[in-house]
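**Q** After the structure tokens below, expect a handful of questions from me.
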Amino acid sequence: MKTRWIATPYIVWMIIFTVVPLLLVFFFSVTVQTDDGIVFTLEHFKKLMEPIYLKVLLRSILLAFVSTLVCLVLGYPMAMILASSDLKRKNVLVFLFVAPMWMNFLLRTYAWLTLLEKNGLINSVLSIFGIKPLNLLYNNLAVLLGMVYNFLPFMVLPIYSVLSKVDKSVIEAAQDLGANNFKVFTKVTFPLSLPGVASGITMVFMPAVTTFVVPRLLGGAQFTLIGNLIERQFVLVGDWNFGSAISIVMMILILISMGIMSRYETESVEGGFFG
Amino acid sequence: MRFLKKFYTFIIFFFLYAPIVVLMIFSFNNSKSRAKWGGFTFKWYAELFRDDEILSSLYYTVIIAVISSLVATVIGTIAAIGIHNMSKVKKTVVMNLTYLPVINPDIVTGISLMILFIFIKLDLGFITLLFAHITFNIPYVILSVMPKLKQLNKHIYEAALDLGATPLRAFWKVILPEIMPGVVTGALLAFTLSLDDFVISFFTTGSGVSNLSITIYSMARRGINPKINALSTIMFITVLLLLIVVNKRTSRKENA
Chain A
1 MKTRWIATPY
11 IVWMIIFTVV
21 PLLLVFFFSV
31 TVQTDDGIVF
41 TLEHFKKLME
51 PIYLKVLLRS
61 ILLAFVSTLV
71 CLVLGYPMAM
81 ILASSDLKRK
91 NVLVFLFVAP
101 MWMNFLLRTY
111 AWLTLLEKNG
121 LINSVLSIFG
131 IKPLNLLYNN
141 LAVLLGMVYN
151 FLPFMVLPIY
161 SVLSKVDKSV
171 IEAAQDLGAN
181 NFKVFTKVTF
191 PLSLPGVASG
201 ITMVFMPAVT
211 TFVVPRLLGG
221 AQFTLIGNLI
231 ERQFVLVGDW
241 NFGSAISIVM
251 MILILISMGI
261 MSRYETESVE
271 GGFFG
Chain B
1 MRFLKKFYTF
11 IIFFFLYAPI
21 VVLMIFSFNN
31 SKSRAKWGGF
41 TFKWYAELFR
51 DDEILSSLYY
61 TVIIAVISSL
71 VATVIGTIAA
81 IGIHNMSKVK
91 KTVVMNLTYL
101 PVINPDIVTG
111 ISLMILFIFI
121 KLDLGFITLL
131 FAHITFNIPY
141 VILSVMPKLK
151 QLNKHIYEAA
161 LDLGATPLRA
171 FWKVILPEIM
181 PGVVTGALLA
191 FTLSLDDFVI
201 SFFTTGSGVS
211 NLSITIYSMA
221 RRGINPKINA
231 LSTIMFITVL
241 LLLIVVNKRT
251 SRKENA
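Chains A and B are the protein sequences, given in the same order.
Counting from 1, position 72 in the first sequence corresponds to residue 72 in our numbering; the numbering is continuous, with no gaps.
Counting from 1, position 224 in the second sequence corresponds to residue 224 in our numbering; the numbering is continuous, with no gaps.
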């Protein structure tokens with residue numbers, strides 16, 4: 001087929017709606033509007049290094065890191081159970097596990113809002129036992145809970161898919177050679193599942209570090225992560241330059257973490273990720 | 001060990017489903033409280049269908065999802081064929097371009113498009129929302145179609161040409177049927193992604209045009225509202241039924 005040119009409309013579309021917008025973000029991040037017109041500057045990046053913003057940055061990374069870790073600890077056993085169940089039950093279990101993921105992200109977060117709030121179900125159940133209403137909402141823990149709840153399937157599914165492809169005879173061989181269950185896990189199963197763990201980590205860390213919905217709804221209006229900072233610059237403050245600078249930093253952060261993780265992911269897609 | 005597995009599965013599923021179930025139960029609660037049961041009612045459902053804000057955002061959600069997934073499927077499928085026939089170097093460049101919106105955080109895609117639209121003086125609204133959705137949908141279509149193209153036997157297209165078919169007819173009669181499963185998967189993926197999107201839509205829409213996610217966000221920010229519970233129940237049951245139908249279809253195909 002000599003039809004290479006038919007990709008041209010797509011390439012033009014992507015240049016207009018993906019490349020140009022990103023160049024604009026970059027442009028805004030390194031310029032400032034002065035009386036003499038637009039000049040080059042790095043002040044927006046310097047501003048991000050001020051303690052208040054640096055704290056937001058570190059807090060976002062830390063929260064995303066902890067939620068990734070919690071997802072891994074909770075999710076790995078679940079992936080193992082899903083992978084080891086017999087075929088007929090497996091389909092049903094995986095289906096049931098994935099179904100909540102298809103519900104709107106905002107509704108899932110909203111569900112926790114109604115559970116955790118001061119007059120919510122958890123507090124009223126506690127009050128039966130004479131426990132005073134707790135402040136369950138608007139703190140780090142509530143945001144963490146929201147992240148884990150929303151992103152847990154992103155950790156479980158890649159690990160599950162790698163584990164279910166593991167050749168059973170490898171495990172049997174290890175057992176025949178005298179390894180106990182613990183040793184089989186640490187020496188065989190876990191190392192083989194690393195590609196799945198790596199994609200799981202990327203798939204949880206990325207949305208966790210960029211989200212602004214979870215912190216806004218479960219953390220309250222005062223709770224600020226990088227996502228909220230960016231949103232505020234564009235929606236409330238109107239400081240596109242600073243907002244763009246934060247976006248650039250966020251993109252670099254994502255690229256670095258993906259770069260680290262992709263070393264462990266063996267199933268790469270042809271032609272993608274910088275070839 | 002067996003018991004432990006069952007127990008752990010139960011705990012995780014409880015964690016996943018309890019919030020949704022509670023949400024659904026309280027959509028039938030006659031009192032506005034989230035903790036006390038005031039009797040069974042359908043009144044929140046009735047109010048939901050009288051709420052113009054929700055109805056209009058439902059309309060926009062569906063319209064945008066239908067148009068954007070159709071346009072993205074057409075552009076994406078044609079593009080995938082073009083990319084498939086490119087030289088290796090060119091292919092790598094274009095595929096990296098394709099991955100860009102996939103790996104880019106939604107919020108960055110959202111604000112970058114917003115900057116573009118304002119820069120070229122396009123009023124934020126229906127058209128910008130549509131453009132944004134088409135943009136983030138196309139890569140998923142391409143990524144669904146490419147594997148099917150790779151499996152395709154090169155010679156059947158040539159055979160069709162040798163037998164006197166025009167290139168267009170050969171595409172229509174030979175290539176398209178072969179790659180159809182990938183095209184359908186891509187279209188469905190694009191459709192659901194569009195239905196579900198919040199972040200990119202949030203930054204690229206304006207002047208009263210909003211989708212369901214945006215409406216839910218602004219309602220949830222104002223506090224708890226039982227109408228949202230009713231909406232959740234309807235949406236969850238719809239999705240569940242759709243998933244069961246799709247699953248039945250695919251599992252029947254696998255058995256056949």
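Quick reminder that beta carbons are idealized off the backbone N, C-alpha and C, glycines included.
Along chain B, in chain order, which residues have C-beta atoms closer than 9 angstroms to that of PRO195 of chain A?
**A** Here the premise fails: no neighbours, minimum Cβ distance about 17 angstroms.
**Q** If we cut at 8 angstroms on Cβ distances, does ASN104 of chain A have a partner in chain B?
**A** yes
**Q** Consider the Cβ of ILE201 of chain A: report whether some Cβ of chain B lies at a distance smaller than 8 angstroms.
**A** no
**Q** By the 10 Å Cβ neighbour count, where 16 or more other Cβ atoms means buried, how is LEU180 of chain B classified, buried or exposed?
**A** Sequence inspection shows Met at residue 180 of chain B; the Leu mentioned does not correspond to that position. Label assigned to MET180 of chain B: exposed.
**Q** According to the neighbour-count rule (16 or more other Cβ atoms, all chains shown, within 10 Å of its Cβ), is GLY186 of chain B buried or exposed?
**A** buried
**Q** Could you tell me which residues DSSP puts in a beta bridge with LEU40 of chain B?
**A** The sequence given here places Phe at residue 40 of chain B; Leu does not occur at that position. DSSP lists B:ASN29 as partners of PHE40 of chain B.
**Q** Would you mind working out which of B:LEU58, B:VAL21 and B:SER112 sits nearest GLU231 of chain A, comparing C-alpha positions?
**A** B:SER112
**Q** Using DSSP's beta-bridge definition, name the partner residues of GLN33 of chain A.
**A** Beta-bridge pairing by DSSP links GLN33 of chain A to A:ILE38.
**Q** Check ASP176 of chain A in the structure and name its three-state DSSP category.
**A** helix
**Q** Strictly under 8 angstroms for the Cβ-Cβ distance: is LYS5 of chain B near chain A by that measure?
**A** Nearest CB-CB separation between LYS5 of chain B and chain A: below the 8 angstroms threshold.
**Q** Is LEU350 of chain A near PRO226 of chain B, with beta carbons less than 8 angstroms apart?
**A** Here chain A covers residues 1 to 275 and nothing more, so residue 350 of chain A does not appear.
**Q** Which residue spans inside the region 98-158 of chain B form an unbroken alpha helix (DSSP H) run of at least 4?
**A** 106-119 and 126-151
**Q** Ignore the nearest five residues each way along the sequence and tell me which others in SER210 of chain B's own chain have a CB closer than 6 angstroms to its CB.
**A** If you ignore the 5 residues before and after SER210 of chain B, its C-beta comes within less than 6 angstroms of the C-beta of SER57, all in its own chain and listed in chain order.
**Q** Excluding the 5 residues preceding and the 5 following GLY110 of chain B in the sequence, name in chain order all residues of the same chain whose CB lies nearer than 7 angstroms to its CB.
**A** VAL199, ILE200, PHE202, PHE203 and THR204
**Q** Are the CB atoms of ILE261 of chain B and LEU129 of chain B nearer to each other than 8 angstroms?
**A** Here chain B covers residues 1 to 256 and nothing more, so residue 261 of chain B does not appear.
**Q** Note down the Cα distance separating ILE237 of chain B from ILE81 of chain A, rounded to an integer number of angstroms.
**A** 27 angstroms
**Q** Could you check what DSSP says for VAL209 of chain B in three-state terms: helix, strand or coil?
**A** coil
**Q** Please state if the CB of ASN139 of chain A and the CB of ARG108 of chain A are separated by a distance shorter than 8 angstroms.
**A** No, these two residues do not count as a Cβ contact at 8 angstroms.
**Q** Smallest Cα separation from ILE128 of chain A: which of B:LYS36, B:PRO105 and B:ILE103?
**A** B:LYS36
**Q** Leaving out the 5 sequence neighbours to the left and right, which residues in its chain are closer than 6 angstroms to GLY243 of chain A when beta-carbon positions are compared?
**A** Residues of the same chain with a CB within less than 6 angstroms of the CB of GLY243 of chain A, apart from the 5 flanking positions on each side, are ILE230, GLN233 and PHE234 in chain order.
**Q** Could you check where the alpha helix (DSSP H) with TRP172 of chain B kicks off and where it finishes?
**A** No alpha helix (DSSP H) holds TRP172 of chain B; DSSP gives it neither H nor E.
**Q** Does chain B have any CB closer than 8 angstroms to the CB of PRO100 of chain A?
**A** yes
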